[in-house]
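Per our numbering, the sequence shown starts with residue 187, numbered consecutively.
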Amino acid sequence: MPETKVIVVGQGYVGLPVAMLAAGAGFDVVGIDTDKRKVDWLNSGRSYVEDISDEQLLEALNSNSYRARSDYSDACGFSVAVITVPTPLTESRPDLSYIEDAARELSPHVTKSCTVILESTTYPGTTEQLLVPILEQGSGLKAGIDFFVGYSPERIDPGNAHWNLANTPKVVSGICTDSLRKVQDFYNRFVRCTVPVSSPKEAELTKLLENTFRHVNIALVNELAVYANELGINIWESIEAASSKPFGYMKFVPGPGVGGHCLPVDPSYLSWEVRRTLGRSFRFVELANDINDHMPEYVVQRLSLALNKRALPIMGSRILMIGFAYKRDSGDLRESPAEPLARMLQLRGANLRIVEPHLAIGSIPLDAPIVELTESEVRQADAVLIVTDHSSVDYGMIKRLAKFVLDTRNVIGAQPNVDVL
Ligand SMILES: NC(=O)c1ccc[n+]([C@@H]2O[C@H](COP(=O)([O-])OP(=O)(O)OC[C@H]3O[C@@H](n4cnc5c(N)ncnc54)[C@H](O)[C@@H]3O)[C@@H](O)[C@H]2O)c1
């Protein structure tokens with residue numbers, strides 16, 4: 187069988203795993219990323235995405251089934267292109283400029299019978315109303331007749347040891363029956379199961395529904411944590427007890443706020459679209475945003491009260507922050523609640539020091555020393571603030587030596603010297 191050329195546009199947390207699995211399935215894969223630094227790292231066998239090991243990358247490079255490029259010159263003759271570029275919020279509005287740029291660059295390489303799949307998270311209607319017209323204009327071809335287009339949301343959960351791209355069911359869609367079949371055939375080569383829906387709009391909404399569900403439920407337990415603390419009730423114990431119910435309940439836990447590329451962003455794509463097209467407010471999303479956005483402020487308030495009990499102000503206190511990434515065992519700093527939290531502490535005059543064992547690309551965007559977790563650091567701190575529950579951290583040592591700990595993740599649990607969120 188001749189090698190089928192696959193282009194994966196964007197070699198980040200989503201694109202690189204797609205590229206690796208496609209390469210492993212026998213496709214001839216070109217990973218395109220406009221960040222030349224990343225391309226150089228990839229071509230030298232260095233992975234910056236936790237879920238992809240250097241060995242896996244090297245195997246794909248050495249077998250000539252994968253190469254990274256910083257422009258689109260190697261895009262010609264592709265059979266399938268997958269677009270996995272960022273979709274951030276810019277000034278609180280969906281920013282689709284990355285999708286537009288990628289589509290524009292890709293469009294001259296669109297030929298008869300090829301398939302273009304969008305994986306970036308976005309509001310319903312993007313594939314048909316934004317992507318298709320750009321591809322048609324740049325190629326002079328007609329989508330659904332000359333070439334095929336679909337949308338398949340990414341469900342990757344970086345750092346999850348059990349669920350990955352290959353074993354998580356993949357929702358797929360196409361702008362017509364042939365497009366759906368092409369999209370399904372492509373993913374069936376390397377994912378265990380595909381879940382077809384009738385059009386890209388349903389697939390786009392599926393992703394937003396999943397993330398809005400998580401966002402709203404996290405907001406629920408965050409608000410409950412605030413009230414439970416004031417009522418003198420251990421919310422964590424109640425959550426554990428509720429989780430023993432085998433049906434009708436799903437466990438979510440409080441924390442210092444939500445972060446990452448998805449939760450603080452995706453629900454706002456949905457509320458923006460509802461407001462734009464229907465003129466209505468998506469109240470669940472607005473409320474969840476409000477609650478989750480205020481969690482860093484609440485953590486500062488709790489820390490301030492705890493220090494006050496020890497006759498210490500935040501001003502001048504030495505605070506050792508454990509973790510800066512938004513989630514456990516990840517180096518992803520995007521939208522991490524640690525950043526507003528750290529800024530608020532610095533604004534109040536805290537002497538802040540940060541432990542982040544998973545520092546990935548880019549350093550922490552703050553003027554604060556990044557330190558190793560040592561006994562001396564813990565002893566000297568007026569307070570240890572656990573923000574991210576990385577599994578490599580020696581919590582036993584912190585519990586033993588710290589004067590005071592505010593544990594926002596319940597990783598140590600309540601102790602005489604430990605307050606839990
Ligand atoms: N990270 C996750 O856990 C996750 C999970 C599900 C869905 N998503 C969604 O997937 C999309 C990508 O997210 P990500 O986390 O992989 O982002 P990322 O920032 O890690 O990777 C995107 C890459 O695209 C590159 N890029 C930007 N414009 C480009 C262009 N025109 N051509 C080629 N490359 C370009 C960037 O340099 C970057 O390396 C987003 O829509 C995100 O919401 C992310």
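C-beta atoms are modelled at their ideal positions from N, C-alpha and C, and glycine is treated no differently.
| Query | Result |
| --- | --- |
| Unbroken beta strand (DSSP E) runs of length 3 or more, entirely within the segment 316-383: which are they? | 334-337, 356-360 and 380-382 |
| Suppose you measure from the CA of Asn596 to the CA of Asp226; what does that come to, to the nearest Å? | 40 Å |
| Could you check where the beta strand (DSSP E) with Asp593 kicks off and where it finishes? | Val591 to Asp593 |
| Could you spell out where the beta strand (DSSP E) holding Asp605 opens and where it closes? | Val604 to Val606 |
| Which residue from Gly360, Leu391 and Arg565 puts its Cα closest to that of Ser384? | Gly360 |
| Got a sec, what are the start and stop residues for the beta strand (DSSP E) Val471 sits in? | Per DSSP, Val471 belongs to no beta strand (DSSP E); it is in the alpha helix (DSSP H), Arg469 to Asp479. |
| Under three-state DSSP, which class holds Ile547? | A caution first: Ile547 carries a pLDDT of 48, below 50, which makes its placement in the model too unreliable to give a value. |
| If distances are taken between C-alpha atoms only, which option among Gly509, Gly201 and Ile303 comes closest to Arg367? | Ile303 |
| Do the CB positions of Tyr373 and Thr363 come within less than 8 Å of each other? | no |
| Should Val200 and Thr270 be called a contact, given that it needs their Cβ atoms to be closer than 8 Å? | yes |
| Quick check: Ser522 and Ala511, are their CB atoms within less than 8 Å of each other? | yes |
| Starting from the N-terminal side, write out each stretch of the beta strand (DSSP E) that is 3 residues or longer and does not extend beyond the segment 277-310. | 301-304 |
| Using 7 Å as the cut-off, classify the Cβ of Ile421 as near or not near the heavy atoms of ligand 1, replying yes or no. | no |
| Is it right to say Glu277 is buried, meaning 16 or more other beta carbons lie within 10 angstroms of its own, or is it exposed? | exposed |
| Quick check: does the Cβ of Thr307 come within less than 7 Å of any heavy atom belonging to ligand 1? | yes |
| Helix, strand or coil, according to DSSP, for Tyr252 in the structure here? | strand |
| Is Ala267 helix, strand or coil by DSSP? | strand |
| Taking a contact to mean a Cβ-Cβ separation below 8 Å, would you say Asn478 touches His544 in this structure? | no |
| Can you tell me whether Lys191 is helix, strand or coil according to DSSP? | strand |
| My output table needs one value for Arg462: the three-state DSSP class, helix, strand or coil. | helix |
| Between which two residues does the alpha helix (DSSP H) carrying Asp226 extend? | Lys222 to Asn229 |
| May I ask you to report which of helix, strand or coil DSSP gives Gly217? | strand |
| Just the C-alpha distance for Leu247 and Leu531, rounded to the nearest angstrom, thanks. | 45 Å |
| When every heavy atom of ligand 1 is checked, does at least one fall within less than 7 Å of the C-beta of Ala497? | no |
| Is the beta carbon of Ile540 less than 8 Å from the beta carbon of Met507? | yes |
| Among the residues of its own chain, which have a CB less than 8 Å from the CB of Ala411, if the five just before and after it don't count? | Ile421, Pro440 and Leu607 |
| Considering Cα atoms alone, identify which of His295, Ser325, Pro339 and Gly324 is closest to Thr313. | Pro339 |
| Using the C-alpha atoms, what's the distance from Gly582 back to Gly336? | 50 Å |
| Under 7 Å Cβ to Cβ from Thr594, same chain only, skipping five residues before and after it: list those, please. | Gly441, Pro442, Val485, Ile572, Val573 and Leu607 |
| Who are the Cβ neighbours of Ile547 in its own chain at under 6 Å, not counting the five residues just before and after it? | Bear in mind that the predicted position of Ile547 carries a pLDDT of just 48, short of 50, making it too unreliable to give a figure here. |
| In the DSSP assignment, the beta strand (DSSP E) including Val541 goes from what residue to what residue? | Asn537 to Val541 |
| When burial is assigned at 16 or more other CB atoms within 10 Å of the CB, is Glu241 buried or exposed? | exposed |
| Give me the residue from Cys448, Pro382 and Thr392 with the minimum Cα distance to Asn475. | Cys448 |
| By the 10 Å Cβ neighbour count, where 16 or more other Cβ atoms means buried, how is Thr560 classified, buried or exposed? | exposed |
| Below 8 Å on the Cβ atoms is my contact criterion, and I expect Gly324 with Ser365 to pass it. Report the Cβ-Cβ distance as a whole number of Å. | With a Cβ gap of about 18 Å, Gly324 and Ser365 do not count as contacting. |
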